[in-house]
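Have a look at the structure below, then the notes.
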Amino acid sequence: MTSQETKDRDDDELAAEYALGTLPLSERLSFERRLLDDNVLRKSVEWWNTQFAPMSDSVDAVAPSPAVLKRIEERLFPEQIRATSWLESLGLWRGLTAASVAGMLVFGGLYASSTLRQDIEPSVFVAQLSDINSDVELVAYYDGQTQTLRLNRTSGAALPNRSLELWVIPTGEKPISLGILPEDAVHEIPIPQELRAAVTSQSVLAVTDEPEGGSPSGDPTGPVLAAGSITKV
Amino acid sequence: MNTSTDIEKLISRCALNDRAAFTDLYKATSSKLFGVVLRILKNKAEAEEALQEIYIKIWNNASMFASNAYSPMSWLIVIARNHAIDIVRVRKPDTVDIEETFDIADDKKTPEDEAINSSEGGRIDNCLSELDVNRAQAVRQAYVEGYSYDELAAAFEVPVNTMRTWLRRSLASLKKCLER
């Protein structure tokens, strides 16, 4: 077998593992990066996905609650909705989970109609971070107007002589450190210009256990204690 | 009843910003996608959050549907599974102990399940039946339950590296059979 043939075979195995879903996180993320500009690899993934798809026939359909469609439509077709800093001014944010915040937005009538066009409104994102294997939980709230990420740690803490480090993981990219979480439960992180594009609803926020002072390598080294997708509100 | 062609039409109309088509597409397919995602995430609230993101991706990417080789239902399922797998891999990237024993996937189908499925006569079932029973089951569980190598290794009581070797060999055998 030529080295090209060996590489093709290895790539096809990776494509199969990726399509099946078993690739471990770091390999999955680097594979997704390669997929962006490798047509052969993409074809390979498509082939495997097509072959695997009939396995989902055995999965029972389950109706989601009716509120889900309403929430999707509110997000996709918001008409002229303006999100302002009402969330904090009402003092409602502390202690709320992202899910209940989203619920309030839709059902509490807190969205104010406005003539302000949507494309110039500042972005507001929330994320709820948790993990079943850890008691660390946070709610994150990003205000595009002030470019500040507010964190409220609702449960859990760093282990003795260890630190909690916060990361943003854009889809298909390496985690980017947003710094160490202080002992204070509520903490604000100004997001520098170069990282603003990373804080979007395509990204995940995660907290890892790291040596005191943070990961020495610049990449996460410890287990993920809490993670959650960023949701635009 | 929605045929594959109906779903394809709805997706193309979504690509043209037809909101009513989006609602119809959601009504026709959301139970299937929710079932798939719920099976992987194993938490209703999380699965409903994920379903929102999935349909937003579907709406935003509807114009790209025509450029790939998937059947309409396969395309939707790929989007849903990818999203759910991303979540579980981020959530549990490290070794975890699995104490429960896993139920063998139930292959019984109700008429409703038959109404909307992705297969256009896929050969995967036949090819899986040529594998050793445990190995075929590992492939199915990885796909349906979204299990990681750690979880599969725990379920089949083998070291994680052995599990990966097993699975890669199974995939190579499957490939040969599928290409026959």
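Going down the list, the protein sequences come from chains A and B.
Letter by letter, the first sequence follows residues 1 to 233 in our numbering.
Letter by letter, the second sequence follows residues 1 to 180 in our numbering.
The beta carbon of each residue, even a glycine, is placed where N, CA and C say it ideally should be.
- According to DSSP, A:Phe125 shares a beta bridge with A:Tyr142 and A:Lys232.
- Residues are counted here when their Cβ sits less than 8 Å from a Cβ of chain B; for the region 169-201 of chain A these are Ile169, Thr171 and Ser201, given in chain order.
- For B:Ser30, the chain A residues whose Cβ falls inside 8 Å of its Cβ are Ala63, Pro64, Val68 and Leu69, in order along the chain.
- Look at A:Asp135: its C-beta is not under 8 Å from any C-beta on chain B.
- In the DSSP assignment, B:Arg169 falls within the unbroken alpha helix (DSSP H) covering Val160 to Glu179.
- Among the residues of the region 37-54 of chain A, those with a Cβ less than 7 Å away from any Cβ of chain B are Glu46, Asn49, Thr50, Gln51, Phe52, Ala53 and Pro54, in the order of the chain.
- By the criterion of a C-beta distance shorter than 7 Å, B:Tyr149 is surrounded in its chain by Val160, Met163 and Arg164, once the five residues flanking it on both sides are discounted.
- Around the CB of A:Gly21, 16 or more other CB atoms lie within 10 Å, so the residue is classed as buried.
- For B:Ser74, the uninterrupted alpha helix (DSSP H) segment begins and ends at Pro72 to Arg91.
- Excluding five sequence positions before and after A:Ala19, the CB atoms of its chain that fall closer than 7 Å to its own CB belong to Val45, Trp48, Asn49 and Phe52, given in chain order.
- Fully contained in the region 10-95 of chain A are the following alpha helix (DSSP H) runs of length 4 or more, in chain order: 25-35, 39-52, 67-76 and 86-89.
- DSSP, read as helix, strand or coil, puts B:Asn60 in helix.
- Ranked by Cα distance from A:Glu194, the first of A:Ala185, A:Ser3 and A:Gln147 is A:Gln147.
- Exclusion of the five residues before and after B:Leu10 leaves Ala21, Asp24 and Leu25 as the residues of its chain whose Cβ lies within less than 6 Å of its Cβ.
- By the 16-neighbour rule on beta-carbons within 10 angstroms, B:Asn82 is buried.
- Here A:Gly179 carries a strand assignment [DSSP, helix/strand/coil].
- The beta-carbon separation of A:Glu165 and A:Ser177, rounded to 6 Å, stays under the 8 Å limit for a contact.
- For the region 52-78 of chain B, the set of positions with a beta-carbon nearer than 8 Å to some beta-carbon of chain A reads Gln52, Glu53, Tyr55, Ile56, Trp59, Asn68, Ala69, Tyr70, Ser71, Met73, Ser74, Ile77 and Val78 in chain order.
- DSSP places B:Ile7 in the uninterrupted alpha helix (DSSP H) bounded by Ser4 to Ala15.
- In chain order, Gly156, Leu225 and Ala226 place their CB closer than 7 Å to the CB of A:Ser134, counting only its own chain and leaving out the 5 sequence neighbours on each side.
- If you check each beta-carbon in the region 124-139 of chain B against every beta-carbon of chain A, the ones closer than 9 Å belong to Ile124, Asp125, Cys127, Leu128 and Val139.
- Per DSSP, the beta bridge partners of A:Ala226 are A:Val207.
- Separation of A:Asp8 and B:Trp166 (C-alpha to C-alpha, rounded to the nearest whole angstrom) is 20 Å.
- Inter-segment contact for the region 74-88 of chain B and the region 51-65 of chain B is present: three or more beta-carbon pairs are separated by less than 8 Å.
- At a cut-off of 8 Å, the C-beta of B:Ala142 has a neighbouring C-beta in chain A.
- For A:Val199, no alpha helix (DSSP H) segment is defined, and its DSSP state is neither H nor E.
- Close CB contacts of A:Ile191 within its chain, under the 8 Å cut and outside five residues either way in sequence, are with Tyr142, Gln147, Thr148, Leu149, Leu178 and Val199 (chain order).
- Counted as a single uninterrupted DSSP element, the alpha helix (DSSP H) harbouring B:Ser129 occupies residues Ile124 to Ser129.
- Judged by beta-carbon spacing, A:Val207 lies within the 8 Å limit of A:Leu138, meaning their Cβ atoms are closer than that value.
- In the DSSP assignment, A:Ile191 falls outside any beta strand (DSSP E), carrying neither H nor E.
- For A:Leu151, the enclosing beta strand (DSSP E) stretches over residues Thr148 to Ser155.
- Exclusion of the five residues before and after A:Thr171 leaves Gln202 as the residues of its chain whose Cβ lies within less than 6 Å of its Cβ.
- For A:Leu166, the enclosing beta strand (DSSP E) begins and ends at Arg162 to Pro170.
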